[in-house]
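Peer 1: Just dropping this structure here.
This is the structure we're talking about:
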């Protein structure tokens with residue numbers, strides 16, 4: 116019941132939208148882990164395991180309604196997590212860079228990452244991976260409706 120009620124609450128949105136339109140080679144040390152993937156209905160999970168321990172996971176969503184606020188559609192990388200024991204090894208930027216390469220080679224014109232403006236460590240990793248800040252969005256969301264939208268675009 117709580118899960119259902121959570122969907123009906125009003126949420127403040129304060130995010131940056133990063134994008135990559137041309138693949139940028141990840142210039143740091145190559146990570147020796149293999150990236151695996153699992154397909155779900157509306158998302159794909161990319162993950163790394165080390166001896167059955169989860170090292171990192173990222174999801175790619177085919178449709179994110181927030182992108183309509185900036186007149187865009189395309190795949191969005193999000194809900195990323197790196198296990199504490201593996202942080203600081205550039206695994207996050209390596210994985211999202213690899214995902215972007217795969218998607219851009221599949222004929223997507225652009226790949227997006229949505230990140231909370233307060234998440235400094237993720238922003239650092241996103242920029243290290245070669246993504247460029249495209250826009251910031253502040254809004255209030257209820258269900259899939261966005262109100263009081265403020266959008267700022269960056270070069």
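Residue numbers (this note's numbering): 116 to 270.
Ideal placement from N, C-alpha and C gives every residue a C-beta, glycine not left out.
Just checking my contact of residue 170 with residue 198 at CB under 8 Å: how many whole Å lie between their CB atoms?
Peer 2: Taking the chain shown and counting its residues from 1, one reaches residue 170 at position 55. Taking the chain shown and counting its residues from 1, one reaches residue 198 at position 83. At roughly 6 Å, the Cβ-Cβ gap stays under 8 Å, so residue 170 and residue 198 are in contact.
Peer 1: Could you give the C-beta distance for residue 125 and residue 254, rounded to a whole number, given that I count them as a contact under 8 Å?
Peer 2: Taking the chain shown and counting its residues from 1, one reaches residue 125 at position 10. Taking the chain shown and counting its residues from 1, one reaches residue 254 at position 139. No, residue 125 and residue 254 are not in contact; Cβ-Cβ is about 11 Å, not under 8 Å.
Peer 1: Quick check on the DSSP output: the beta strand (DSSP E) that includes residue 231 runs from which residue to which?
Peer 2: Within the chain shown, the letter at position 116 stands for residue 231. 226 to 231 is the extent of the beta strand (DSSP E) around residue 231.
Peer 1: On the criterion of 16 or more Cβ atoms from any shown chain inside 10 Å, does residue 196 qualify as buried, or is it exposed?
Peer 2: The residue given as residue 196 occupies position 81 in the chain shown. Classification for residue 196: exposed.
Peer 1: Please report the straight-line C-alpha distance between residue 246 and residue 137, rounded to a whole angstrom.
Peer 2: Translated into the one-based positions of the chain shown, residue 246 becomes position 131. Translated into the one-based positions of the chain shown, residue 137 becomes position 22. Answer to the nearest angstrom: the Cα atoms are 9 Å apart.
Peer 1: Is the beta carbon of residue 148 closer than 8 Å to that of residue 228?
Peer 2: Translated into the one-based positions of the chain shown, residue 228 becomes position 113. Translated into the one-based positions of the chain shown, residue 148 becomes position 33. No, the pair does not count as a contact, with Cβ atoms beyond the cut-off.
Peer 1: Using a 10 Å radius around the Cβ and a threshold of 16 neighbouring Cβ atoms, would you call residue 180 buried or exposed?
Peer 2: Within the chain shown, numbered from 1, the residue matching residue 180 stands at position 65. The residue is exposed, with fewer than 16 neighbouring Cβ atoms inside 10 Å.
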